[in-house]
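Numbering (numbering that gives the first Met the number 0), first residue to last: 0 to 391. Where is the CB? At the ideal position from N, CA and C, for every residue including glycine. One structure below.
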Amino acid sequence: MNNSQFDEIVERRGTNCAKWDTFDVLLGGEKDLIHVGCADMDFKAPEPILKEFHRLADHGVFGYSDIFDDFYSAIERFYRHHHNVAIKHEHMVFCPRINIGCGLVAEAFTRPYEEVLIHSPSYGPLRQAIEENGRKLVEVPLRYDGVEYSLNIADLEQAVTKRTKMLILVNPHNPTTRVFTKTELEQIAQFCLDHDLILFADEIHSDLLAKDVTFTSVLELDEKYQKNIILASSPAKTFNIPGLVGSFMIISNDKLRARVADEISRIGEHNPNVFFNAALIAAYTKCDDYIASLRCYLDDNEAYLRKEFATLFPKSHIIKRDGSYLLWIDLSQCFTSEEQIREFFVTKARVGIYFGSQFSKDCSLFIRFNMAAPRKVLEEVMSRLNKVKQSS
Ligand SMILES: Cc1ncc(COP(=O)(O)O)c(C=O)c1O
């Protein structure tokens with residue numbers, strides 16, 4: 000895929016689309032908003048995936064599917080190629096969604112009064128997966144010094160109790176986009192070993208790294224840490240196929256894996272739908288060029304937005320982006336309340352962003368901005384914001 004394909008503006012309204020149709024309704028019911036909140040991309044999926052879908056559609060039969068060796072081999076190939084990790088086929092487990100997987104893991108390994116740690120700010124549906132399964136979520140803030148976020152093991156040590164049974168680690172982190180270093184990951188994994196916690200590591204954003212950022216998967220950590228690790232990931236973000244509803248977990252501990260497989264079976268799930276099956280195989284075997292081009296496009300979008308925001312709001316601070324296509328923007332020196340932010344962005348500029356309070360009550364003066372959109376769309380966003388600024 001070349002850049003001109005990322006430049007293509009695809010009308011998504013009227014397709015039962017969460018980002019455009021649902022958020023039109025949630026933000027007032029009118030259709031003049033530009034949405035840069037919800038975390039999927041406005042780009043078409045890569046050509047090899049679309050080709051597979053055409054092939055399936057022409058075939059015309061959408062019966063029950065199953066997982067065969069090509070599914071596992073594709074994941075294995077992708078991890079070897081992109082992360083330099085060797086994964087055994089028998090360690091992989093299909094799961095419909097990571098959010099579902101997180102809830103199932105909590106159900107399997109914790110009891111109702113027990114605690115699950117998560118760094119805050121945090122991605123809401125993972126919090127929900129814990130709380131709506133009746134477990135106690137304990138938020139451990141990442142440290143923020145006004146410039147960057149950092150992780151301190153002492154904060155986890157302080158939060159852990161005898162009732163703590165699981166830790167959710169999102170890496171690259173949503174919404175801050177931080178990629179944790181190998182040393183930090185080892186500290187976290189050691190902390191989980193010391194306290195006998197399941198380490199549920201969500202690496203869904205790990206393929207779309209910013210320029211010069213390197214990523215270490217928890218699967219690359221020493222063997223001794225693996226006994227507590229459940230890795231969850233999927234091609235959904237990278238190839239813009241979250242609507243296909245599929246993910247996988249990699250679990251090398253046989254006992255843990257068997258227990259997770261039982262939970263997945265308990266909810267009546269055992270195989271991906273035909274489209275996810277084909278998409279994953281194409282994504283993980285034929286789309287390396289797409290990732291490379293997309294990363295460049297996102298880097299360019301980021302450079303553009305940074306320049307624009309620096310002029311629009313000289314006192315805003317866009318946190319360094321390590322991974323994902325999200326920008327986490329500190330507007331605390333520009334606005335004094337979320338209401339003001341809402342009025343500026345949504346009511347006046349007609350730009351739908353995610354509010355920081357969706358990720359933490361302490362972040363009400365932040366926004367999360369999804370820049371996975373054609374440049375022209377971002378230009379229109381910035382033009383609207385600039386007009387509001389000039390008229391105020
Ligand atoms: C960190 C993280 N995990 C999981 C998901 C969703 O994954 P799934 O659709 O497989 O539940 C998202 C989507 O935004 C995410 O940001």
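Check the C-beta distance from P95 over to G245 and give it rounded, since I have them as a contact under 8 Å.
Rounded, the Cβ-Cβ distance is 6 Å, consistent with contact.
Assuming M165 contacts A105 (C-beta within less than 8 Å), just tell me the rounded distance between them.
6 Å
Give the straight-line distance between the Cα atoms of M0 and I48, rounded to the nearest whole angstrom.
Reliability of the predicted coordinates at M0 is poor, the pLDDT of 47 falling under 50, and the value obtained from them is presented with this limitation in mind. Taking the straight line from one Cα to the other gives about 12 Å.
Would you say the beta carbon of S246 comes nearer than 6 Å to a heavy atom of ligand 1?
yes
Does the beta-carbon of A188 have 16 or more other beta-carbons within 10 angstroms, so that it is buried, or is it exposed?
buried
Taking Cβ positions, are S390 and L364 nearer each other than 7 Å?
no
Does G67 pass the burial test, meaning 16 or more other C-beta atoms within 10 Å, or should it be called exposed?
For the record, residue 67 in the displayed sequence is Phe; it is not Gly. Counting Cβ neighbours within 10 Å, F67 comes out exposed, since fewer than 16 surround it.
Is D96 near ligand 1, in the sense that its beta carbon is under 6 Å from a heavy atom of that ligand?
Inspection of the sequence shows that residue 96 is occupied by Arg rather than by Asp. Within the cutoff, so yes.
Measuring only the C-alpha atoms, how far is D321 from L208?
6 Å
Using three-state DSSP, classify I197 as helix, strand or coil.
Here I197 carries a strand assignment [DSSP, helix/strand/coil].
Please confirm whether any heavy atom of ligand 1 lies closer than 6 Å to the CB of Y353.
For Y353, the Cβ stays outside the 6 Å cut-off from all heavy atoms of ligand 1.
What residues are listed by DSSP as bridge partners for T163?
E114
Taking 6 Å as the cut-off, is the CB of Y122 close to at least one heavy atom of ligand 1?
yes
Using alpha carbons as the reference points, say which of D206, L279 and P271 lies closest to I240.
L279
Comparing C-alpha positions only, which one of S216, D6, V273 and I129 sits nearest to V394?
Residue 394 cannot be examined here, being either before or after the span of the chain that is shown, 0 to 391.
Given N300, which residues of its chain have a CB within under 7 Å of its CB, disregarding the five upstream and five downstream residues?
M370, R374 and L377
With respect to 6 Å, is the separation between the Cβ of I203 and the closest non-hydrogen atom of ligand 1 below this value?
yes
What number of angstroms, rounded off, separates the C-alpha of Y289 from the C-alpha of F5?
10 Å
Would you report the Cα separation of M91 and T21, rounded to the nearest angstrom?
Taking the straight line joining both Cα atoms gives about 34 Å.
Assuming T237 and L196 are in contact, meaning their beta carbons sit under 8 Å apart, how far apart are those beta carbons, in whole angstroms?
Not a contact, Cβ separation roughly 28 Å.
State the beta-bridge partners of I33 as determined by DSSP.
V350
Given the structure, does N272 come close to ligand 1, in the sense that its CB is under 6 Å from one of the ligand's heavy atoms?
no
I'd like to know whether the C-beta of D69 is nearer than 7 Å to at least one C-beta of chain B.
In summary, chain B is missing from the structure at hand, where a single protein chain is found.
Flag V104 as yes when its Cβ comes closer than 6 Å to any non-hydrogen atom of ligand 1, and as no otherwise.
no
So, are the CB atoms of A282 and P313 less than 7 Å apart?
The answer is no: Cβ separation not under 7 Å.
Return yes when the C-beta of S119 is under 6 Å from any heavy atom of ligand 1, and no when it is not.
no
Would you kindly work out how many angstroms separate the C-alpha atoms of K393 and L255, rounded to a whole number?
No information on residue 393 is available, as it lies outside the stretch 0 to 391 that the chain covers here.
In three-state DSSP terms, what is F308?
helix
Ends of the beta strand (DSSP E) at N252?
Element bounds for N252: n/a, residue is neither H nor E.
Pick out the complete beta strand (DSSP E) segments inside the region 203-264, 3 residues or longer, and give them in chain order.
Counting only runs of 3 or more, we get 228-232 and 246-249.
Using the three-state DSSP reduction, which class does R294 fall into: helix, strand or coil?
Reduced to three states, the DSSP call for R294 is helix.
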